[in-house]
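A.B. asks: Taking our numbering, the leading residue of the sequence shown gets 6, the next gets one more, and so forth. Each residue gets a CB set at the ideal place from its N, CA and C atoms; glycine is no exception. Dumping the structure here so I can ask a few things about it.
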Amino acid sequence: MARLGPSVREAVLRVGAGELSCEEHVASRLERMPRMDRDVHAFLHVAGEQAVLAARELDQKVKRGEKVGRLAGIMIAIKDNICVDGMPATCASKILEGFQPRYDATVVERVRREGAIIVGKTNMDEFAMGNTTTTGAFGPTRNPWNLERVAGGSSGGSAAAVAGGMTTLALGTDTGGSVRCPASYCSIFGLKPTYGAVSRFGVIPYANSLEQVGAFARHADDLRLLFEVISGHDRRDSTSARERGTVEPPAMKGLKVARIREFFGEGINERVRERVLDASSKLEELGATVEEVSISSLGYALAAYYIVAMAEASSNLSRYDGVRYGASLEKGSADWNAAFAKTRTDCFGAEVKRRILLGTFVLSAGYYEAYYLKAQRARSLLRSAFSRAFKKYDLLLGPTMPTLPPKVGERMTPLEDYLADVNTVPANLTGVPSVSVPAGFADGLPVGMQLMATHFAEETLFRVAGAYEEVTA
Ligand code: GLN
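In structure tokens, the structure reads:
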């Protein structure tokens, strides 16, 4: 289980001072990996040789007296929808089996440049659609705290790898909660940055207007460091923000926090509510003032999210035609339409097909206005409500997930499953940054507290998460 080891900054100092052989360290951890991951199944691919090689090069650099990067020697796992040169990228889908990108995503390039050691690709829900990491084609990931439970999703492999002590850091993607949900279920820190703060170049898209690459760590300050490394303008992503606004982080004393009333209402588990209320009192003890706010347009968020996400997914997933990437059934068949249909029918999972169908439906003539446009209008309502709230408050607070992690294989209807995202999708619809912070346990299972701040106010999140960590760890 996750030991609260030294911070990344401390470890990097030791590496830079040559106090520790990275190669030995990485090799010994990789050797233990198969045993550690046997029951959890966080990884789809372990990058044994490449990781050891990178560690050896780093040791040589240190010996030559060269300066090392901000993540020197730190192990990092990458979600399988983010491209790493020379490693598979399947998105946990049969349709991408055998696909191996020949380039690094910008975020991968940036962590490599700072000396991080990429240890492998992590499991996820197929094409990042889900919140359990059980819908992928290669088997579920289990929660390292309780193997009967899910790790959350869709970046469940990344969260479980960090929580299970198999890696120090991990990257995931968050379209509607996919970093914060598994961070919460696995009792670690998870960040969804401001929309546009982190490049999506080299990320296999699910829903472009909602998605951001996010980070996992065991300490708030490690999360800050990883965010500092991966964020910043990238001309290869047209949605990447040119200028980061300067949001001066407020002090803990006098920090204005609002609990979102809608997040504590109907459908919430009683024990989760208690834990998060306790956590918010801790912030008061640290000097914050905590009030309650009601944002009525949150009532539209989940419906608006699923309409927009499915619409964008249906368009994004049309590229998997069995010709350009991955699996290709009936190769050489003269009937192109039949080959196309066969590949997609056999290689997409049920949830992915459901979303392609529904997404195509909400975009089709006659329904577009009734669904897609209405969802966009709800989205702008919510955006204005959030910007009003952030004029008054530094942070909005609530439980990350309304319930405790469900059991692996527990039967849920698609709708019940979507409902669990009710607290996480608002940050994606509005583009604001959000973290999930470990807030203790209920019935032996992790609970996460979600904090949201205004656009580009990540530093406020790190400060408050760090202050909270200090008094509770
Ligand atoms: N559970 C949500 C969905 O299925 C969010 C997933 C995500 O953030 N990638 O769309």
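If you compare alpha carbons, which of ALA110, LYS287, ARG118 and MET406 is closest to THR477?
C.D. replies: Start at 1 with the first residue of the sequence shown, and residue 477 comes out as number 472. The candidate whose alpha carbon is nearest that of THR477 is LYS287.
A.B. asks: Return the chain-ordered ranges of every alpha helix (DSSP H) run that is complete within the segment 306-388 and spans a minimum of 4 residues.
C.D. replies: Runs of the alpha helix (DSSP H) spanning 4 or more residues and lying entirely within the segment 306-388 occur at 306-321, 341-352 and 355-368, in chain order.
A.B. asks: Give me, in chain order, the residues of the same chain whose beta-carbon lies closer than 8 Å to that of MET6; leave out the 5 immediate sequence neighbours on both sides.
C.D. replies: Indexing the sequence shown from 1 puts residue 6 at position 1. A caution first: MET6 carries a pLDDT of 39, below 50, which makes its placement in the model unreliable, though a value can still be read off. Answer for MET6: PRO149, TRP150, ALA168, GLY169 and GLY170, listed in chain order.
A.B. asks: Classify GLY91: buried if its beta carbon has 16 or more other beta carbons within 10 angstroms, exposed otherwise.
C.D. replies: One-based indexing of the sequence shown puts residue 91 at position 86. Classification for GLY91: exposed.
A.B. asks: State whether the segment 461-476 contacts the segment 271-282, with contact taken as three or more CB pairs (one from each stretch) at a distance under 8 Å.
C.D. replies: no
A.B. asks: HIS50 bridges to which residues according to DSSP?
C.D. replies: As a position in the sequence shown, residue 50 is number 45, starting the count at 1. DSSP, once it has assigned bridges, lists LYS126 as partnering HIS50.
A.B. asks: Does the beta carbon of ALA314 fall short of 7 Å from some heavy atom of the ligand FAD?
C.D. replies: As presented, the structure is devoid of the ligand FAD, carrying the ligand GLN as its sole ligands.
A.B. asks: CA-CA distance, ARG205 and PRO198?
C.D. replies: Within the sequence shown, numbered from 1, the residue matching residue 205 stands at position 200. Within the sequence shown, numbered from 1, the residue matching residue 198 stands at position 193. Cα-Cα distance, rounded: 12 Å.
A.B. asks: Would you check if there are 3 or more beta carbon pairs closer than 8 Å linking the segment 401-418 to the segment 253-267?
C.D. replies: yes
A.B. asks: Kindly confirm or deny that the segment 383-400 and the segment 420-427 touch, where touching means at least three C-beta pairs closer than 8 Å.
C.D. replies: no
A.B. asks: Specify, as a first and last residue, the run of the beta strand (DSSP E) that ASP179 falls within.
C.D. replies: Stepping through the sequence shown from its first residue, residue 179 is reached at position 174. First-last of the beta strand (DSSP E) with ASP179: 174-179.
A.B. asks: Under 8 Å, do VAL413 and VAL155 count as touching if we go by C-beta distance?
C.D. replies: Indexing the sequence shown from 1 puts residue 413 at position 408. Indexing the sequence shown from 1 puts residue 155 at position 150. Going by C-beta atoms, VAL413 is nearer than 8 Å to VAL155.
A.B. asks: CB of THR178 to nearest heavy atom of the ligand GLN: below 7 Å?
C.D. replies: Taking the sequence shown and counting its residues from 1, the one referred to as residue 178 is at position 173. Relative to the ligand GLN, the beta carbon of THR178 is positioned inside 7 Å of a heavy atom.
A.B. asks: Could you pull out every residue in the same chain whose Cβ sits closer than 7 Å to the Cβ of PRO431, ignoring the five residues on either side in sequence?
C.D. replies: As a first step, residue 431 is located in the sequence shown; it is residue number 426 there, counting from the start. Taken in chain order, the residues that qualify are LEU303, ALA306 and LEU387.
A.B. asks: Let me check understanding here. Comparing Cα to Cα, which of ARG118, LEU49 and LEU291 lies closest to VAL73?
C.D. replies: To locate residue 73, count along the sequence shown from 1; it is residue 68. Among ARG118, LEU49 and LEU291, the Cα nearest to that of VAL73 is on ARG118.
A.B. asks: Does the ligand GLN have even one heavy atom less than 7 Å from the beta-carbon of SER159?
C.D. replies: What you label residue 159 is simply residue 154 of the sequence shown in a count that begins at 1. Yes - the ligand GLN has a heavy atom lying nearer than 7 Å to the Cβ of SER159.
A.B. asks: Relative to the ligand GLN, is the shortest distance from any of its heavy atoms to the C-beta of MET134 smaller than 7 Å?
C.D. replies: Along the sequence shown, read from residue 1 onward, the residue named residue 134 stands at position 129. Yes, the ligand GLN has a heavy atom inside 7 Å of this Cβ.
A.B. asks: Under the criterion of a Cβ to heavy atom distance below 7 Å, does TYR372 qualify as lining the ligand GLN?
C.D. replies: Position 367 of the sequence shown, counted from the first residue, corresponds to residue 372. Result no, Cβ not under 7 Å from the ligand GLN.
A.B. asks: Report the three-state DSSP secondary structure of GLY403 (helix, strand or coil).
C.D. replies: Indexing the sequence shown from 1 puts residue 403 at position 398. Looking at GLY403 - three-state DSSP - the assignment turns out to be strand.
A.B. asks: May I ask which residues mark the beginning and end of the beta strand (DSSP E) holding MET41?
C.D. replies: Here residue 41 is taken as the residue at index 36 of the sequence shown, counted from 1. For MET41, there is no enclosing beta strand (DSSP E); the residue is part of the alpha helix (DSSP H) that begins and ends at 27-45.
A.B. asks: Could you please give me the residues that DSSP links to MET80 through a beta bridge?
C.D. replies: On the sequence shown, position 75 is the one that residue 80 refers to. Partner(s): ILE122.
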